[in-house]
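In the numbering used here, the protein residues as written are 1007 to 1399. Every residue gets a Cβ at the ideal spot worked out from N, C-alpha and C, and that includes glycine. Following: one structure in structure tokens, then a few remarks.
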């Protein structure tokens, strides 16, 4: 027994107050003023604010078209609707993702086919995606999980060969790049979320991205009936009904997102610097597997998840988490349950024992803080906590 460990009664390695260093979102007076200004103008429902955000975000991404939506889920729904996804079709996505990646396809009547992830990147395995294609496959949704871009060249090559549409889930990856291009602009569609926990927080809201004019017109007609009047006649005739949905983003949320966009890259740099400092230290400790993406990938960090192999240290993952928590570290198991094991999909034929690679790696993931407001001192104490615990392995 190591009496120095906090779990055994020793002093904690992490003594600094953590709330401010980990606080997110980091709102300012400018955010407040932007919202108040709209309230004073009574623009709390209909406003040009979402359209201003569209122009600014499209410019930031280098995209032709951006359409502000109520949330990222609505944006994905619009993409699938435009592609004509319907009953009898299949849509492929990873099981290791947020539920909203899969459910819009289900609502449209399609079958979701789950594929494996690469155990190093935790992103879609392009080869496994290829193996799961059938004559009914109409779309694939690669997820840039936790801010790490997928291997898009491989995924797009497979998709194009099989006439499959590519919809990028970039809800974790605001500012991330693949071969010099912002994610969300590489496929037929991309979509983003501006929910409060995201790197670009607006409270709520989302954005649909495309470089295809016809796709854009159809998405507008689906959920933005007021704006359909300004489209070509083949779409403007639906201006009084749309195609049945209201996807309009709240101007108050758009205002916050516009302000936050100004500092997105600066804030991403802070997260990246702090997280990379911690990961560099973890690389030298037994049991931890730290993935380093190739130079053509520029990642961001929505969350900071690492792989830990307890079989290499004889310290199980849950025991490690217990030891780190005792030292003051805010760590936990990964928070995403695998979708193919969830009752909704099992009741509809999904085999919970499928996807052995995904199931295995999911048992080895630890989530760490992202340190969005840390000046480096808290990260140093986290490094000390990990080193202290590792000495007991």
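For residue i, name the three-state secondary structure that DSSP assigns.
{"i": "residue 1007", "result": "With a pLDDT of 44 at residue 1007, under the threshold of 50, the predicted position of this residue should be treated as unreliable, though the coordinate-derived value follows. Coil."}
{"i": "residue 1255", "result": "coil"}
{"i": "residue 1132", "result": "helix"}
{"i": "residue 1242", "result": "helix"}
{"i": "residue 1183", "result": "strand"}
{"i": "residue 1198", "result": "strand"}
{"i": "residue 1098", "result": "strand"}
{"i": "residue 1249", "result": "coil"}
{"i": "residue 1392", "result": "helix"}
{"i": "residue 1204", "result": "coil"}
{"i": "residue 1386", "result": "helix"}
{"i": "residue 1189", "result": "coil"}
{"i": "residue 1397", "result": "coil"}
{"i": "residue 1018", "result": "coil"}
{"i": "residue 1275", "result": "helix"}
{"i": "residue 1268", "result": "coil"}
{"i": "residue 1126", "result": "coil"}
To the nearest angstrom, report how far apart residue i and residue j are at their CA atoms.
{"i": "residue 1391", "j": "residue 1104", "result": "30 Å"}
{"i": "residue 1381", "j": "residue 1203", "result": "20 Å"}
{"i": "residue 1128", "j": "residue 1313", "result": "10 Å"}
{"i": "residue 1083", "j": "residue 1287", "result": "41 Å"}
{"i": "residue 1375", "j": "residue 1336", "result": "7 Å"}
{"i": "residue 1331", "j": "residue 1362", "result": "30 Å"}
{"i": "residue 1269", "j": "residue 1182", "result": "15 Å"}
{"i": "residue 1030", "j": "residue 1206", "result": "10 Å"}
{"i": "residue 1351", "j": "residue 1324", "result": "28 Å"}
{"i": "residue 1262", "j": "residue 1191", "result": "23 Å"}
{"i": "residue 1393", "j": "residue 1387", "result": "10 Å"}
{"i": "residue 1120", "j": "residue 1253", "result": "27 Å"}
{"i": "residue 1301", "j": "residue 1357", "result": "37 Å"}
{"i": "residue 1007", "j": "residue 1316", "result": "Bear in mind that a pLDDT of 44 at residue 1007, under 50, signals an unreliable position, so the number given afterwards is only what the model happens to contain. When rounded, the distance between both Cα atoms is 18 Å."}
{"i": "residue 1195", "j": "residue 1395", "result": "45 Å"}
{"i": "residue 1052", "j": "residue 1340", "result": "39 Å"}
{"i": "residue 1242", "j": "residue 1250", "result": "14 Å"}
{"i": "residue 1115", "j": "residue 1276", "result": "42 Å"}
{"i": "residue 1153", "j": "residue 1244", "result": "38 Å"}
{"i": "residue 1178", "j": "residue 1156", "result": "12 Å"}
{"i": "residue 1047", "j": "residue 1125", "result": "51 Å"}
{"i": "residue 1379", "j": "residue 1281", "result": "12 Å"}
{"i": "residue 1173", "j": "residue 1197", "result": "8 Å"}
{"i": "residue 1092", "j": "residue 1208", "result": "32 Å"}
{"i": "residue 1349", "j": "residue 1359", "result": "13 Å"}
Taking all protein chains shown into account, do 16 or more other C-beta atoms lie within 10 angstroms of the C-beta of residue i, making it buried, or fewer, making it exposed?
{"i": "residue 1110", "result": "buried"}
{"i": "residue 1246", "result": "exposed"}
{"i": "residue 1258", "result": "buried"}
{"i": "residue 1201", "result": "buried"}
{"i": "residue 1144", "result": "buried"}
{"i": "residue 1188", "result": "buried"}
{"i": "residue 1238", "result": "exposed"}
{"i": "residue 1199", "result": "buried"}
{"i": "residue 1364", "result": "buried"}
{"i": "residue 1304", "result": "buried"}
{"i": "residue 1060", "result": "buried"}
{"i": "residue 1256", "result": "buried"}
Excluding five sequence neighbours on each side, which residues of the same chain lie with their C-beta closer than 6 Å to the C-beta of residue i?
{"i": "residue 1010", "result": "1016"}
{"i": "residue 1175", "result": "1107, 1147, 1149"}
{"i": "residue 1088", "result": "1221, 1224, 1225"}
{"i": "residue 1071", "result": "1216, 1222"}
{"i": "residue 1036", "result": "1265"}
{"i": "residue 948", "result": "Residue 948 cannot be examined here, being either before or after the span of the chain that is shown, 1007 to 1399."}
Near residue i, which residues of its chain fall below 8 Å by C-beta distance, leaving aside the five closest residues on each side in sequence?
{"i": "residue 1139", "result": "1098, 1164, 1168, 1170"}
{"i": "residue 1248", "result": "1227, 1228, 1229, 1230, 1231, 1234"}
{"i": "residue 1399", "result": "1292, 1293, 1319, 1320, 1321"}
If I measure Cβ to Cβ from residue i and keep anything under 7 Å in the same chain, skipping five residues before and after, which residues do I get?
{"i": "residue 1274", "result": "1181, 1205, 1306"}
{"i": "residue 1338", "result": "1327, 1373"}
{"i": "residue 1389", "result": "1284, 1287"}
{"i": "residue 1013", "result": "1328, 1329, 1332"}
{"i": "residue 1185", "result": "1302"}
{"i": "residue 1066", "result": "1267"}
{"i": "residue 1383", "result": "1022"}
{"i": "residue 1142", "result": "1094, 1095, 1096"}
{"i": "residue 1134", "result": "1121, 1122"}
{"i": "residue 1368", "result": "1102, 1340, 1344"}
{"i": "residue 1045", "result": "none"}
Is it the case that the CB of residue i approaches a heavy atom of the ligand NAP more closely than 8 Å?
{"i": "residue 1157", "result": "Among the components modelled here there is no ligand, and therefore nothing to report on the ligand NAP."}
Original post:
Of all the beta strand (DSSP E) runs that stay within the bounds of the stretch 1029-1095, which reach a length of 3 or more residues?
Top reply: Within the stretch 1029-1095, the complete beta strand (DSSP E) runs of at least 3 residues are 1071-1075.
Original post:
Where are the alpha helix (DSSP H) runs, 4 residues long or more, that stay fully inside the stretch 1290-1376, in chain order?
Top reply: Complete alpha helix (DSSP H) runs here, min 4: 1323-1332, 1349-1352, 1362-1368.
Original post:
What residue ranges within the stretch 1209-1239 form continuous alpha helix (DSSP H) runs of no fewer than 4 residues, ordered along the chain?
Top reply: The qualifying runs are 1219-1229, 1231-1234.
Original post:
Which full runs of the beta strand (DSSP E) of 3+ residues lie inside the stretch 1129-1174, going along the chain?
Top reply: Segments of the beta strand (DSSP E) lying fully in the stretch 1129-1174: 1143-1146.
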